Structures are given as C-alpha cells and as structure tokens.
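Taking it in order: structure first as structure tokens, then the write-up.
Residue numbers (our numbering), protein chains in the order written: chain R, 544 to 799; chain B, 1007 to 1201.
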C-alpha cells in the first residue's frame, strides 16, 4: 500500500554566518509520517544539494535523545511541541497534513548563530570546565558502593545528572538564563559525598563563568523546566542558589 | 561489542596514573608534519569542491551503504566479497568524478564534512571487504558462509589464522598485511558452542 505522505510548508531560518542577517525561507515538502524531524531535513537537504543549493545546516549526533547535540525551535518550542523529548525524537506524525512549521535556531546572546540552525554552545563547555568535575587522586577505580549513598539522594543526583546539556533551557527562557543547566550540574555533585570537598568553590566558579558569558538572570518563570527534554526540575535552581549563598558565608577553602 | 573491545576493562585501572604523570603542554601547529597534513586537507577540500558533478553526497553514501549491507555484512562469502570490492572501487571512481558539493571550503560546510567522511568510508569499506576475503575462517563477528559446521556453527581455523591482521596503508587501494600472532599459553582455543 502506498503510504500517505504529509504535505508541509516549512519556514526555515537561513543565515549565512554569525555576522550576516538571517531570514525565514519557505520550503514545501512531502514527507512520510514515520520520518523523524531531522530525517525530513536530511531529505530536504538532499533535494537542495541536487539543485546545487547549500544544505540547511543543523546539528545532530546520536539521534536517540541522549547526546544533546540537536536542538531546533519548532513552532516556538525548543525541541518542538511535544514534552520530554529532544528534536531528534520528534516524528512527523505529530504534525497535520497541510500544516505550516516554523523552524528556528536556539536564540540567545550567549549562543551566537554559526550558520542557519547551528549555534555555538561552547559557553556550556566553558561553564563545565570551570567546575563541572570532582578532583580525584589518580589510581585504581574504587569499587562500586564503597561509599554508601541513600537511595533517595542517589535518585535526586541521578535526576540532575540526566541533563544532556542541549541548551533548550536557555532557548526557552525570556532572559536566556542558563540557570537550569548550571544548577543541574552543580546539584549532581552537591548531592553526593564525592562532590563535597569542592562544593562551594565549584558553585562560585561556575556561576562566575555563566555570568561572564552573558547568560541572563533567572526570574522564576519555569519555562526552562517545561521545555527541558529531560524534565530537569527547577528545584535544582533553588539548591544552587542556596549553595551560592552558603559559599559567601563559609570561610574560604585553602587553595592547594 | 564495547565490552569485548580491548581496553574497556583495562583502561579505567591504568589511564588515571598515565594521565596523572603527564603535564599538559601547549601544542603549537608549526610542526612540519602538521603543515604537511594541513596542506593535504586543503588540497583535498579544493579537489572535492571542484568536481561539481551530478550526484549528492547522501545519494552516493547510501549506495555504498547498500553494498556494505548486502555483501560485507556479518555473514559474507568469497563471491559476494569479490563483487563488493569491484562495486566499491567503481563507485569510488564515480564519487571522485561525479559528486556535487554546494558551498565553499572557507565557511562551515556540513556537506563538505560528510563528503570527507564518505571518502574515508570508501577506503575503510574496501579494506573491510579485503580483510574479510583474506580470512578464510569464521570467527566472532566475521562469519564466512563457506566455513561453518553442519549445524551452522562458526568454523575457525586456528592452524592458519591465529593472528590479528594489522593492515598498513600503502597508497590508493593498497595495504600491507602485518600478522600479530595470538599466543595462548594456558587456555587453548576450542570449539565454542552456545548450544
């Protein structure tokens, strides 16, 4: 049986590079309802390239929702209209025949557009480099469960660690704040015994870099949590704020 | 497969101390090898962009993928592998003559990136087929249909193939085989059956 294809009108953001002015360009596509959103763009790119036109640039890697590389704003929503999924997990069956779809890059001052739908999220790497780690003396890997951790704490830390660093929280926020991302990274260590030695130094360093990079402030609208593909909770932001205040009160640690 | 690959179990116990003793230094790019490779990449980029043919990278990539899927899969045989090598070489020629890559090499160009990876895939795909053809036994993920027991179990040839094949690149479509022998001191290889 011939499968019924969807006819869609795409309005896709095209921008040559970070210095040029971009605009929406119209494309009409016929696509299988079983195709993923990114597969639809792959097909469109193949037809564009066959005509000698440049491909629409967008990023992706694992295409199974765990790497955090993909990220498009689809009809106004980072990662599209469905909750708790990344762009790569969005399928065309969720759209109606004849529908118009607007596709934009993640927009934030700290995420400059590189080309079309591709943005520079290296700011997140810089934040992680500032404190997203625990320092461990080198040597053999410790045995699992050598340090007992209560299940409820382990679960909270795991929920925070589920963050894939995609940047949807920044794109969703009217202030382009990175608080959900940074707080998830701070929390995953702050909750566990291994994170304690650097706990307060870490939060200060990461927040400092976050502010320097031009991410905005948090005004508690919770848009980040609503759009997060991994449902990272805003309670992480409260925990980070608490640790940040505590860091000011606590005596400075001795730097080695 | 990840669990089987060398290093997966060893690395966590060893790399920490290795990295711990290594002081990171700033690496400059003025080394002659670096300049040589940078020049080669630039040259290849220019060649790829200047072909301006009729077929897209995606189109050729899929055709190569189908050859690999059909003839260089987990179960492979001499006839199929020989055909695959011919098919890959023919398609490689087509790629270098008829691929089209819009855009330039001065900016981000994902089509150009994919074309570079496809060029690598031609090389690796051909070598995989050659290696599979050379190994006249069935072993692990390599099942040569000619070498099996009556019940369909893999038939190894430990007499002639107890070695790892390390292929050294020796120019276009040429590789030299170096045999790294596998020596078993305590546990001797035996027929493995999951029945």
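Every residue gets a Cβ at the ideal spot worked out from N, C-alpha and C, and that includes glycine.
From a predicted model like this one, the values you see are computed outputs, not experimental measurements.
Is the CB-CB distance between residue i and residue j below 8 Å?
i               : j               : result
residue 789(R)  : residue 729(R)  : no
residue 1078(B) : residue 1160(B) : no
residue 667(R)  : residue 608(R)  : no
residue 649(R)  : residue 663(R)  : no
residue 786(R)  : residue 746(R)  : yes
residue 670(R)  : residue 561(R)  : no
residue 743(R)  : residue 677(R)  : no
residue 1024(B) : residue 684(R)  : no
residue 1118(B) : residue 1107(B) : yes
residue 1162(B) : residue 1143(B) : yes
residue 1132(B) : residue 1066(B) : no
residue 634(R)  : residue 578(R)  : yes
residue 1149(B) : residue 1080(B) : yes
residue 1063(B) : residue 661(R)  : no
residue 1187(B) : residue 1169(B) : yes
residue 629(R)  : residue 622(R)  : yes
residue 748(R)  : residue 641(R)  : no
residue 776(R)  : residue 768(R)  : yes
residue 1103(B) : residue 1045(B) : no
residue 587(R)  : residue 570(R)  : yes
Specify, as a first and last residue, the run of the alpha helix (DSSP H) that residue i falls within.
i               : result
residue 1085(B) : 1084-1104
residue 552(R)  : From DSSP, residue 552(R) is part of no alpha helix (DSSP H) but of the beta strand (DSSP E) over 549-557.
residue 725(R)  : 722-733
residue 1019(B) : 1017-1026
residue 1139(B) : 1116-1140
residue 669(R)  : 665-674
residue 793(R)  : Counting along the chain, residue 793(R) falls outside any alpha helix (DSSP H), and DSSP gives it neither H nor E.
residue 1057(B) : 1038-1057
residue 656(R)  : Taken as a continuous stretch (DSSP letters only), residue 656(R) belongs to no alpha helix (DSSP H), being part of the beta strand (DSSP E) at 656-658.
Comparing C-alpha positions only, which one of the options sits nearest to residue i?
i               : options                               : result
residue 553(R)  : 546(R), 563(R), 564(R) and 580(R)     : 580(R)
residue 1094(B) : 1162(B), 1116(B), 1164(B) and 1126(B) : 1126(B)
residue 1109(B) : 1103(B), 1153(B), 1120(B) and 1016(B) : 1120(B)
residue 659(R)  : 558(R), 567(R) and 619(R)             : 558(R)
residue 594(R)  : 1170(B), 1173(B), 1105(B) and 1098(B) : 1105(B)
residue 617(R)  : 591(R), 758(R) and 715(R)             : 715(R)
residue 1135(B) : 1172(B), 1188(B) and 1088(B)          : 1088(B)
residue 1074(B) : 1128(B), 1103(B) and 1060(B)          : 1128(B)
residue 754(R)  : 764(R), 774(R), 680(R) and 720(R)     : 720(R)
residue 687(R)  : 571(R), 737(R) and 764(R)             : 737(R)
residue 1201(B) : 1044(B), 1037(B), 1039(B) and 1157(B) : 1157(B)
residue 1165(B) : 1103(B), 1178(B), 1112(B) and 1190(B) : 1190(B)
residue 597(R)  : 568(R), 672(R), 766(R) and 718(R)     : 568(R)
residue 1116(B) : 601(R), 768(R) and 793(R)             : 601(R)
residue 778(R)  : 643(R), 726(R) and 652(R)             : 726(R)
residue 1167(B) : 1179(B), 1195(B) and 1151(B)          : 1195(B)
Check whether the Cβ of residue i lies closer than 8 Å to any Cβ atom in chain R.
i               : result
residue 1116(B) : yes
residue 1014(B) : no
residue 1167(B) : no
residue 1019(B) : yes
residue 1108(B) : yes
residue 1113(B) : yes
residue 1126(B) : no
residue 1065(B) : yes
Taking Cβ positions only, does residue i come closer than 8 Å to chain B?
i              : result
residue 627(R) : no
residue 554(R) : no
residue 751(R) : no
residue 560(R) : yes
residue 597(R) : yes
residue 692(R) : no
residue 583(R) : no
residue 568(R) : no
residue 683(R) : yes
residue 701(R) : no
residue 657(R) : yes
residue 600(R) : yes
residue 722(R) : no
residue 783(R) : no
Which one or two residues does DSSP pair with residue i in a beta bridge?
i               : result
residue 1145(B) : 1148(B)
residue 587(R)  : In the DSSP output, where bridge partners are listed per residue, residue 587(R) has none listed.
residue 568(R)  : 555(R)
residue 774(R)  : Partner(s): none; residue 774(R) has no beta bridge.
residue 1062(B) : 1106(B)
residue 630(R)  : DSSP lists no partner for residue 630(R).
residue 574(R)  : 549(R)
residue 621(R)  : 616(R)
residue 526(R)  : With chain R running from 544 to 799 in the structure shown, residue 526(R) is simply not present.
Show which residues of chain C have a CB atom less than 8 Å away from the CB atom of residue i.
i               : result
residue 1062(B) : Annotation note: the requested chain C is absent from the structure, which comprises protein chains R and B.
Considering just the uninterrupted stretch of the beta strand (DSSP E) at residue i, what are its terminal residues?
i               : result
residue 707(R)  : That residue, residue 707(R), is in no beta strand (DSSP E); it is neither H nor E in DSSP.
residue 1185(B) : 1181-1187
residue 1172(B) : 1169-1175
Could you check whether the Cβ of residue i sits closer than 7 Å to any heavy atom belonging to the ligand ADP?
i              : result
residue 556(R) : With respect to small molecules bound, the structure shown includes none, and the ligand ADP cannot be examined in it.
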